[in-house]
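K.L.:
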Amino acid sequence: LSDMDKKGSSINFEKFSIAIGDMVLVKRNEPAETLTKVGKEWTNVCYTLASSDNEKNNDDSSNEAETNRHKSHMDIEDLGERRLRDRGNTAEVQDMLNQREVRMSELLKRKAKERASEMARRGKDMGEDSEEEEVEDLLSYDATDQYPKDTMPHQIKTDIDREVVIVPINGQPVPFSIHTIKNVVMPEPDNHSFYLRINFFAPGQTLAKDASRRMAKLVERFGKVKYAFVRELTFRSLDQTNLGQAFRQIQELRRRLRLREQKAVEEADLVSQAKLIRMTDARVPRLSDLTLRPNISGKTVGALESHTNGLRFISLRGETVEILYANIRLAVFQPCEGVDTK
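Those letters in the sequence shown? Residues 11 to 352, per the numbering used here, in order.
1) So, is R223 buried or exposed, given that buried needs 16 or more other C-beta atoms within 10 angstroms?
2) Mind listing, in chain order, the continuous alpha helix (DSSP H) runs of no fewer than 4 residues lying wholly within the segment 194–234?
3) Going straight from the alpha carbon of G308 to that of E329, what length do you get?
4) With respect to the beta strand (DSSP E) encompassing L321, which residues constitute its N-terminal and C-terminal limits?
5) So R207 and E242 are supposed to be a Cβ contact under 8 Å. How far apart are they, rounded?
6) Please report the distance separating the alpha-carbon of T226 from that of L321.
7) How far does the alpha helix (DSSP H) with V275 in it extend, from its first residue to its last?
8) Could you tell me the distance, in whole angstroms, from the CA atom of Q182 to the CA atom of E173?
9) For the beta strand (DSSP E) containing V311, list its first residue and its last residue.
10) Could you check how far apart the C-beta atoms of L148 and H189 are, in whole angstroms? I think they sit under 8 Å.
11) Give me the residue from L217, L340, S316, F343 with the minimum Cα distance to V331.
12) DSSP three-state call for S307: helix, strand or coil?
13) Assuming S298 is part of the beta strand (DSSP E), what are its boundary residues?
14) Does DSSP put K285 in a helix, a strand or coil?
15) Look at the alpha carbon of R258 and the alpha carbon of N201, and state the distance between them as a whole number of angstroms.
16) Within this structure, are the beta carbons of R246 and Y205 separated by less than 8 Å?
17) Output yes or no for whether 8 Å exceeds the beta carbon distance between F323 and L302.
18) Assign I338 to buried or exposed, taking buried as 16 or more other Cβ atoms, counted over all protein chains shown, within 10 Å of its Cβ.
19) On the three-state DSSP scale, how would you describe D169?
20) Can you give me the C-alpha to C-alpha distance between A101 and R110, rounded to a whole angstrom?
21) Taking Cβ positions, are V240 and F210 nearer each other than 8 Å?
22) Please confirm whether R293 and A313 have their CB atoms less than 8 Å apart.
23) Going along the chain, which residues of its own chain have a beta-carbon closer than 7 Å to the beta-carbon of E138, five neighbours each way excluded?
24) Using the rule of at least 16 other Cβ atoms within 10 Å of the residue's Cβ for burial, across every protein chain shown, is R125 buried or exposed?
25) Taking only the alpha-carbon atoms, compute the straight-line gap between I179 and E277 and give it to the nearest angstrom.
26) Starting from L334, follow the beta strand (DSSP E) in both directions and report where the run begins and ends.
27) Got a sec? Which residues, its chain only, sit under 6 Å from K159 by beta carbon, not counting five neighbours each side?
28) Could you spell out the range, first to last residue, of the beta strand (DSSP E) harbouring P178?
29) Any idea which residues DSSP pairs L35 with across the strands?
30) Per DSSP, S187 is paired with what?
31) Can you tell me the Cα-Cα spacing of V112 and V103, whole angstroms?
32) Check each candidate in N305, I306, H164, T310 and name the one with the smallest Cα separation from D299.
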């Protein structure tokens, strides 16, 4: 208020008042007590002051103050009613939250059971007894001296050969197998800081389809005895180089693992066959410009050769398919339309 004249104000306040919003009684051995029992909104504590030259404005200010005091009493009554309503609403909201947690727990249990049934069915399709199968623990290193030589205490290191991601925890390198990693995310940078978040498989959540069979069984086995699982780790760095490189390498390791698991499932029902004996001392019977179905990759066109104990198909891109005569159940010949086969 002392700077009002300096700022060019035409009103010179010689007398003014200060409104105290709260009054608190401080006791020695008891909790403090708030003595203010009126509303503290801006409309309740703000008053317009006028100069002595304008009595009409004073009357208006008095009327406004009286109106504000009346509103203050009304606000106190409304506040009491709102508190009662809020207590009832809080109980309803808490009840809804409890019901939602129960439903989410039941949903997670059902999803975990469906996932276990799916993995059991997949194991039976591959000719394995999932209940009696013993799953080995994920052991990547026998000792710390087997870590890569360039492992740093405060950097993320990806061991491509052993399929391990080594992360720093309290300055110590800790290895995690790629089987345990669910996904990796690199959020947007914040205040020149870069982040990398690694999510892991854990009980109580729906396992993704790209989870390996080995990891699914380990989660199921250790989840029953309530072991502690790490769900996620977040790392922050001022330099994007290391985090970006680790992000790309982890993505590549997950892609390799996913392709290997998919290939194992696809080749589970393949029939093992002997090696094809190729004819080298005579002219090989050959049919050219043939289309193989189903296609290997896109439209597969090539030539079919007949050898000593089987057939060999060679595509124009160099892809080969060998089929032994002993593995052929039926051979069907279908002539082309409009062609005389006599």
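Glycine is no exception: its CB is placed at the ideal position from the N, C-alpha and C atoms. Remember, it's a predicted structure, so these values are computed and weren't measured experimentally.
P.N.:
Based on what the coordinates show:
1) buried
2) 223–234
3) 12 Å
4) 320–325
5) 6 Å
6) This sequence places Ala at residue 226; Thr is not what is there. For A226 and L321, the distance between alpha carbons rounds to 40 Å.
7) 250–276
8) 19 Å
9) 310–316
10) 6 Å
11) S316
12) coil
13) 296–302
14) coil
15) 23 Å
16) yes
17) yes
18) exposed
19) strand
20) 14 Å
21) yes
22) no
23) Reliability fails at E138, whose pLDDT of 48 lies under 50, so the model's placement of it is uncertain and the value that follows must be treated cautiously. Cβ within range, chain order: n/a, list empty.
24) buried
25) 40 Å
26) 330–334
27) none
28) 174–179
29) E43
30) V174
31) 14 Å
32) T310
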